[in-house]
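K.L.:
Take a look at the following structure, please.
Residue numbers (our numbering), protein chains in the order written: chain A, 2 to 538; chain B, 141 to 304.
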């Protein structure tokens, strides 16, 4: 079969052109034939000899050849032999024209040469017309059928993704297409005549699936399935299969059409999507687990923080209660030693008196430590988020408390514009009192000058308490804020080393910070921050 | 007829568990020339029993004022105060808290319960003596104490200078 793309170029299918070849050496005969056959075919071509006819046959296709037998040179039989020998013209029906009537005509020889009929001269126009018309019609129908078959073939071949083929009623492969070859791997000659179960994997064949498919298709009229199919090379592909029974007009089963589509790629794509989805789900699960783990960790952390806060509270309460209870016996020691000193001073020698002085001094210091501890514990029990407190008022109250020390040391204490802040009022007084008190206590030779100022610092106010005192070496700065870490000899500067620790506690309780800048001989500036009104609660 | 406390020895109840303090208070009060009678209760329960004339205190006189420590065994000073203030007769007896605590909470709680005054015990001997002298002089000579009353119900026994 050869492609005739011409008929595909138009929008519809044009009717094939019927062309007649009239061969006779007598021009008069040709003329007569032409007139008799006028209208039977679209075109008539004349040839005045066998050679001329063969030439014409090389150039064109013909529906029917009317061939005179007796011609000079190559006669009709000879010409017919040549026509039959040629592939292109082999199937063209030949009607011989003969003058010999009855038994004279070599009928057998003529039919052996492919004649379909013969007409005896003189010709009867009606008979000639009728016979030629039948053959022309036949040729046109044949050409139409050929073209339709070709079209169908092209359609089938053209649908490259579909293996379209036919089975006989028992399931043997009857037709095959190039797409089928490409998809299934078999060439037409390898598979035609074979049972189509060859295209199924062994396990499907074992459970009789191919036959079941045909049974269902026949019963229902159409059967569609998806599943693994086997290629010639043994590899598998995922196929979508539609099987339809083919029936003749009487309803008899002629066979089946089978259309297979290779969905392996689609399935792989789906698998990929599925695997992506699975991975996503896994990732989600992991994430979920992580979130839960984090939540658990946060819970643990919160519990730990709560435990810590409770433990801190307990510790504070303990420190508070302990120092509270310690006060009593220390006070007793102190008071009774003083009584001892008063009443029995004369009866002890110098060493005895010195001992008593040491006991009194020790008890006094212990009392100061306990008081400090109490103040420290108390500083931790104050809750955050206070109503605004006027730091100027707190500063003034601190000065009132320090009045005696200020007078004695001839200190000059001044304050700038001091804002309202969020703090506990009593603690703020203590804060100023401790810091200004320190500035006075650790004075250098000259009368102390202390300056307190504040400036905004984000949501905080940054205070500074600046003095002209002895200053502190930088390497001791960290120790200063630790409880019970006095820097100086108690003989030189009496104290418990708790004042700045309390200051730190007070400031940090409110969310602030405290630090200092100082160097020996250059004075000290203590900075601290407290939340501004409208700042963090 | 309610008698003025100055007509006779002033009755003082000291509620204090620390014998050292008891002694110091006794000594400080004894230095004055004013006649007084000091009774001591060692814990809160005993103090209330005394005040209510219960048990062995059936014959005890209602004190003219009470010196009350806050940290006491069995029942704390603030609880004693609370019960006194819930009693129609005992509520009129002036109470001076004498505590080693200067915790603001303690001070505020005591004043909430309407103590007459709150005094912290000094650790310095002379200071302690000065405070005790002040209390002594103030309560025994300066202050006008409420007239004596019977325990049961106010005014039911106008002559009930004596209890029981």
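Ideal Cβ positions, reconstructed from N, Cα and C, are used throughout, including at glycine.
Taking a contact to mean a Cβ-Cβ separation below 8 Å, would you say residue 515 of chain A touches residue 502 of chain A in this structure?
P.N.:
Counted from its first residue, the first chain places residue 515 of chain A at position 514. Counted from its first residue, the first chain places residue 502 of chain A at position 501. Cβ distance not < 8 Å, so residue 515 of chain A and residue 502 of chain A don't count as in contact.
K.L.:
Should residue 168 of chain B be flagged as near chain A, meaning a C-beta pair shorter than 8 Å?
P.N.:
Your numbering for residue 168 of chain B matches position 28 in the second chain. Cβ-Cβ to chain A under 8 Å: no for residue 168 of chain B.
K.L.:
Can you list the residues of chain A that residue 268 of chain B reaches, using a CB-CB cut of under 8 Å?
P.N.:
Your numbering for residue 268 of chain B matches position 128 in the second chain. Within 8 Å Cβ-Cβ: 336.
K.L.:
I'd like to check one pair, residue 414 of chain A with residue 364 of chain A: are the Cβ atoms closer than 8 Å?
P.N.:
Numbered from its first residue, the first chain carries residue 364 of chain A at position 363. Numbered from its first residue, the first chain carries residue 414 of chain A at position 413. No. Outside cutoff.
K.L.:
Starting from the C-beta of residue 445 of chain A, find all residues in its chain whose C-beta is less than 6 Å away, skip the five residues before and the five after it, and write them out in chain order.
P.N.:
On the first chain, position 444 is the one that residue 445 of chain A refers to. Within the same chain, residue 445 of chain A has close Cβ partners 470, 471.
K.L.:
Less than 8 Å separating the beta-carbons of residue 398 of chain A and residue 430 of chain A?
P.N.:
Here residue 398 of chain A is taken as the residue at index 397 of the first chain, counted from 1. Here residue 430 of chain A is taken as the residue at index 429 of the first chain, counted from 1. Taking 8 Å as the Cβ cut-off, residue 398 of chain A and residue 430 of chain A qualify as a contacting pair.
K.L.:
Please work out which residues of its chain come closer than 7 Å, Cβ to Cβ, to residue 166 of chain B, disregarding the five sequence neighbours upstream and downstream, and give them in chain order.
P.N.:
Your numbering for residue 166 of chain B matches position 26 in the second chain. The answer, listed in chain order, is 178.
K.L.:
Take residue 226 of chain A and list the residues in its own chain whose beta-carbon comes closer than 6 Å to its own, dropping the five residues that flank it on each side.
P.N.:
Locating residue 226 of chain A in the first chain gives position 225, where the first residue counts as 1. So the qualifying residues of the chain are 242.
K.L.:
Put residue 268 of chain B into one of helix, strand or coil per three-state DSSP.
P.N.:
On the second chain, position 128 is the one that residue 268 of chain B refers to. Three-state result, residue 268 of chain B: helix.
K.L.:
Cα separation between residue 464 of chain A and residue 360 of chain A?
P.N.:
The residue given as residue 464 of chain A occupies position 463 in the first chain. The residue given as residue 360 of chain A occupies position 359 in the first chain. The straight-line gap from Cα to Cα measures roughly 41 Å.
K.L.:
Can residue 115 of chain A and residue 85 of chain A be called in contact, C-beta distance under 8 Å?
P.N.:
The count along the first chain starts at 1 and reaches residue 115 of chain A at position 114. The count along the first chain starts at 1 and reaches residue 85 of chain A at position 84. Against a cut-off of 8 Å, the Cβ pair of residue 85 of chain A and residue 115 of chain A comes out as a contact.
K.L.:
Ends of the beta strand (DSSP E) at residue 229 of chain A?
P.N.:
By one-based count along the first chain, residue 229 of chain A stands at place 228. Segment 224 to 231, the beta strand (DSSP E) holding residue 229 of chain A.
K.L.:
Going by the CB atoms, is the gap between residue 328 of chain A and residue 355 of chain A shorter than 8 Å?
P.N.:
Numbered from 1 along the first chain, position 354 holds the residue referred to as residue 355 of chain A. Numbered from 1 along the first chain, position 327 holds the residue referred to as residue 328 of chain A. No, the Cβ-Cβ distance between residue 355 of chain A and residue 328 of chain A is not below 8 Å.
K.L.:
If you draw a straight line from the C-alpha of residue 328 of chain B to the C-alpha of residue 149 of chain B, how long is it?
P.N.:
This structure leaves residue 328 of chain B out entirely; chain B is present only between 141 and 304.
K.L.:
Would you tell me roughly how many angstroms separate the C-alpha atoms of residue 320 of chain A and residue 297 of chain A, rounded to the nearest one?
P.N.:
Reading the first chain from its first residue, position 319 is the one you call residue 320 of chain A. Reading the first chain from its first residue, position 296 is the one you call residue 297 of chain A. The alpha-carbon atoms of residue 320 of chain A and residue 297 of chain A are separated by roughly 33 Å.
K.L.:
Quick one: Cα of residue 455 of chain A to Cα of residue 405 of chain A, how far?
P.N.:
To locate residue 455 of chain A, count along the first chain from 1; it is residue 454. To locate residue 405 of chain A, count along the first chain from 1; it is residue 404. Each residue's Cα considered, the two are about 25 Å apart.
K.L.:
How would you list, in chain order, the residues of chain A whose beta-carbon sits under 7 Å from the beta-carbon of residue 240 of chain B?
P.N.:
Residue 240 of chain B sits at position 100 when you count from the first residue of the second chain. What residue 240 of chain B touches in chain A: 328, 329, 332.
K.L.:
Short of 8 Å in beta carbon distance, which residues of its chain neighbour residue 185 of chain A, apart from the five on each side in sequence? Order them along the chain.
P.N.:
As a working mapping, residue 185 of chain A is identified with position 184 in the first chain. Here the set comprises 164, 192, 200, 230, 232, 233, 261.
K.L.:
Would you list the one or two residues that DSSP bridges to residue 244 of chain A?
P.N.:
Stepping through the first chain from its first residue, residue 244 of chain A is reached at position 243. Answer is A:224, A:259, bridged to residue 244 of chain A.
K.L.:
Is the distance from the Cβ of residue 62 of chain A to the Cβ of residue 30 of chain A below 8 Å?
P.N.:
Counting from 1 along the first chain, the entry for residue 62 of chain A is found at position 61. Counting from 1 along the first chain, the entry for residue 30 of chain A is found at position 29. No; because the gap between Cβ atoms is not below 8 Å, this pair is not in contact.
K.L.:
Along chain A, which residues have their Cβ under 8 Å away from the Cβ of residue 215 of chain B?
P.N.:
Here residue 215 of chain B corresponds to residue number 75 of the second chain, with the count starting at 1. Neighbours of residue 215 of chain B on chain A: none; closest Cβ ~17 Å, over 8 Å.
K.L.:
Run the CB neighbour count on residue 191 of chain B, radius 10 Å, all protein chains shown included, and call it buried at 16 or more, exposed below.
P.N.:
Residue mapping note: residue 191 of chain B aligns to position 51 of the second chain, counting from 1. So residue 191 of chain B counts as buried.
K.L.:
Are any of the Cβ atoms in chain B nearer than 8 Å to that of residue 366 of chain A?
P.N.:
In the first chain, residue 366 of chain A corresponds to position 365, counting from 1. Taking Cβ atoms only, chain B never reaches closer than 8 Å to residue 366 of chain A, which makes this a no.
K.L.:
Helix, strand or coil for residue 240 of chain B, going by three-state DSSP, please let me know.
P.N.:
Here residue 240 of chain B refers to the residue found at position 100 when the second chain is read from its first residue. Three-state DSSP puts residue 240 of chain B in coil, outside helix and strand.
K.L.:
Short of 7 Å in beta carbon distance, which residues of its chain neighbour residue 225 of chain B, apart from the five on each side in sequence? Order them along the chain.
P.N.:
Residue mapping note: residue 225 of chain B aligns to position 85 of the second chain, counting from 1. Counting only Cβ-Cβ distances below 7 Å, and skipping sequence neighbours, we find 231, 253, 254.
K.L.:
Quick check: the Cα distance between residue 438 of chain A and residue 274 of chain B, rounded to an integer number of angstroms?
P.N.:
The residue you call residue 438 of chain A lines up with position 437 of the first chain. The residue you call residue 274 of chain B lines up with position 134 of the second chain. Answer to the nearest angstrom: the Cα atoms are 30 Å apart.
K.L.:
Among B:280, B:271, B:220, which one has its Cα closest to the Cα of residue 249 of chain B?
P.N.:
For the purposes of this step, residue 249 of chain B is taken as residue 109 along the second chain, with counting starting at 1. The option with the nearest alpha carbon to residue 249 of chain B is B:220.
K.L.:
Whose C-beta lies closer than 7 Å to the C-beta of residue 181 of chain B among residues of the same chain, with five residues either side of it excluded?
P.N.:
The sequence position of residue 181 of chain B within the second chain is 41, counting from 1. If we look at residue 181 of chain B and ignore the five residues flanking it on each side, its Cβ neighbours are 153, 155, 187, 190.
K.L.:
Look at the alpha carbon of residue 95 of chain A and the alpha carbon of residue 43 of chain A, and state the distance between them as a whole number of angstroms.
P.N.:
Translated into the one-based positions of the first chain, residue 95 of chain A becomes position 94. Translated into the one-based positions of the first chain, residue 43 of chain A becomes position 42. Answer to the nearest angstrom: the Cα atoms are 18 Å apart.
K.L.:
Are the Cβ atoms of residue 238 of chain B and residue 277 of chain B separated by less than 8 Å?
P.N.:
Within the second chain, residue 238 of chain B is the residue found at index 98, counting from 1. Within the second chain, residue 277 of chain B is the residue found at index 137, counting from 1. No, Cβ-Cβ distance for residue 238 of chain B and residue 277 of chain B is not below 8 Å.
K.L.:
Does the beta-carbon of residue 435 of chain A have 16 or more other beta-carbons within 10 angstroms, so that it is buried, or is it exposed?
P.N.:
Translated into positions along the first chain, residue 435 of chain A becomes position 434. Classification for residue 435 of chain A: buried.
K.L.:
Helix, strand or coil: which one does DSSP assign to residue 238 of chain A?
P.N.:
Taking the first residue of the first chain as 1, we reach residue 238 of chain A at position 237. In the structure shown, residue 238 of chain A sits in a strand (DSSP, three-state: E or B).
K.L.:
Are residue 326 of chain B and residue 201 of chain B close, meaning C-beta to C-beta below 8 Å?
P.N.:
Outside the modelled stretch of chain B, which goes from 141 to 304, sits residue 326 of chain B, for which no answer is possible.
K.L.:
In the DSSP output, which residue or residues are listed as bridge partners for residue 541 of chain A?
P.N.:
Outside the displayed span of chain A (2 to 538) sits residue 541 of chain A, for which this structure offers no information.
K.L.:
Exposed or buried, residue 276 of chain A, counting other C-beta atoms within 10 Å across all chains shown (16 or more means buried)?
P.N.:
The residue labelled residue 276 of chain A in the question sits at position 275 within the first chain. Answer is exposed; the Cβ neighbour count stays below 16.
K.L.:
Tell me the rounded alpha-carbon separation between residue 204 of chain A and residue 158 of chain A.
P.N.:
Taking the first residue of the first chain as 1, we reach residue 204 of chain A at position 203. Taking the first residue of the first chain as 1, we reach residue 158 of chain A at position 157. C-alpha separation (whole angstroms): 31 Å.
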